[in-house]
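Chemist: Below you'll find the structure I mean.
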Amino acid sequence: MADTNTRTALFVIDVQAEMARDPATQIPHADRVVKAGETILQAARRAITNGSASTSASSSSSKDTTPSLIVIVQHEEPNGTLLRGSDAWQLVLPPRLGVETEILVAKTTQDTFESNPDLAQRLRDLNIGRIVTCGIQSECCVLSTSRGALAAGFDVTLLSGAHSTYNDSGKTAVEIERGVEAELQAKGAHILPWEDVIKSWE
1 MADTNTRTAL FVIDVQAEMA RDPATQIPHA DRVVKAGETI LQAARRAITN GSASTSASSS
61 SSKDTTPSLI VIVQHEEPNG TLLRGSDAWQ LVLPPRLGVE TEILVAKTTQ DTFESNPDLA
121 QRLRDLNIGR IVTCGIQSEC CVLSTSRGAL AAGFDVTLLS GAHSTYNDSG KTAVEIERGV
181 EAELQAKGAH ILPWEDVIKS WE
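Mind the numbering: the sequence shown is residues 1 to 202 in full-length UniProt numbering, read in order.
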């Protein structure tokens, strides 16, 4: 029986005010991630509107990542700074209201799939077999969600240049980004520059 899970979901993870917009608390490369995220979302929305995901000659290829669904992930902490409804919690790259191909998924753990046990099946019911990830923070929610997607059996592509984090003791944010990419690649994920990926969606 042929595999029917040939569609792709784009996950934009935790691009929220505390990490991406507040000058006092944002990650060092917030501007890069936000600008990349804006461009990626524009390309994804254009591809979905144009029907590229379903009409492309390569739509059934395991290498095709043209999205048919956009998943905006929003973290919340009942006892932390990302309190639901707070300024810090607000999305910088929100989904468009009333658009069926864009969904908002809340989470309370680093792994979106752990916080939402039914999410993997919901995606499979939509014939999603591939997940493309970007966002904040590289070594926390981006890594954990990507690993969760791999563990659930999805093909995963991490968009290099479109995720980042804070500097840590002894490591810069960029060094952490590269370490996360190496770890995910070793687990079977694809690591591709975001600019190259969105060109393939045209």
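All C-beta atoms, glycine included, are put in the ideal place defined by N, C-alpha and C.
1. If you count every other CB in all the chains shown that lies within 10 Å of the CB of V73, and 16 or more means buried, which is it?
2. Pick from D87, A106, I198 and S86: whose alpha carbon is nearest that of P95?
3. Determine whether the beta carbon atoms of G37 and A162 lie at a separation below 8 Å.
4. Using a 10 Å radius around the Cβ and a threshold of 16 neighbouring Cβ atoms, would you call S138 buried or exposed?
5. Taking 8 Å as the cut-off, decide whether the C-beta atoms of E18 and T101 are in contact.
6. Find out if the Cβ-Cβ distance for the pair R84, D111 is shorter than 8 Å.
7. Could you give the uninterrupted runs of the alpha helix (DSSP H) lying entirely in the region 14-47, keeping only those of 4 residues or more?
8. Once the 5 residues before and after L123 are set aside, which same chain residues still bring their CB inside 7 Å of it?
9. Is the region 168-178 touching the region 26-46 in the sense that three or more CB pairs, one from each, lie closer than 8 Å?
10. Could you tell me which whole beta strand (DSSP E) segments of length 3 or greater appear in the region 52-113?
11. Going by the beta-carbon positions, is the gap between G135 and V12 smaller than 8 Å?
12. Can you tell me the Cα-Cα spacing of S61 and P78, whole angstroms?
13. Using only the alpha-carbon positions, how far apart do T39 and R45 sit?
14. Entirely within the region 130-174 and at least 3 residues each: give me those beta strand (DSSP E) ranges in chain order.
Modeler: Here's the rundown:
1. Here residue 73 is taken as the residue at index 73 of the sequence shown, counted from 1. Classification for V73: buried.
2. Your numbering for residue 95 matches position 95 in the sequence shown. Here the closest residue by C-alpha is A106.
3. Position 37 of the sequence shown, counted from the first residue, corresponds to residue 37. Position 162 of the sequence shown, counted from the first residue, corresponds to residue 162. For G37 and A162, yes; Cβs fall inside 8 Å.
4. Here residue 138 is taken as the residue at index 138 of the sequence shown, counted from 1. By the 10 Å Cβ count, S138 comes out buried.
5. Taking the first residue of the sequence shown as 1, we reach residue 18 at position 18. Taking the first residue of the sequence shown as 1, we reach residue 101 at position 101. For E18 and T101, no; Cβs fall outside 8 Å.
6. The count along the sequence shown starts at 1 and reaches residue 84 at position 84. The count along the sequence shown starts at 1 and reaches residue 111 at position 111. No, the Cβ-Cβ distance between R84 and D111 is not below 8 Å.
7. The region 14-47 contains, as complete alpha helix (DSSP H) runs of 4+ residues, the segments 17-20 (chain order).
8. The residue you call residue 123 lines up with position 123 of the sequence shown. Closer than 7 Å at the Cβ level, and outside the excluded window around L123, lie A9.
9. yes
10. 67-75 and 102-107
11. Along the sequence shown, one-based indexing puts residue 135 at 135. Along the sequence shown, one-based indexing puts residue 12 at 12. Against a cut-off of 8 Å, the Cβ pair of V12 and G135 comes out as a contact.
12. What you label residue 61 is simply residue 61 of the sequence shown in a count that begins at 1. What you label residue 78 is simply residue 78 of the sequence shown in a count that begins at 1. Its pLDDT being 45, under 50, S61 is placed unreliably by the model, and nothing is read from it.
13. Residue numbering aside, residue 39 sits at position 39 when the sequence shown is read from its first letter. Residue numbering aside, residue 45 sits at position 45 when the sequence shown is read from its first letter. Roughly 10 Å separates the two Cα atoms.
14. 155-164
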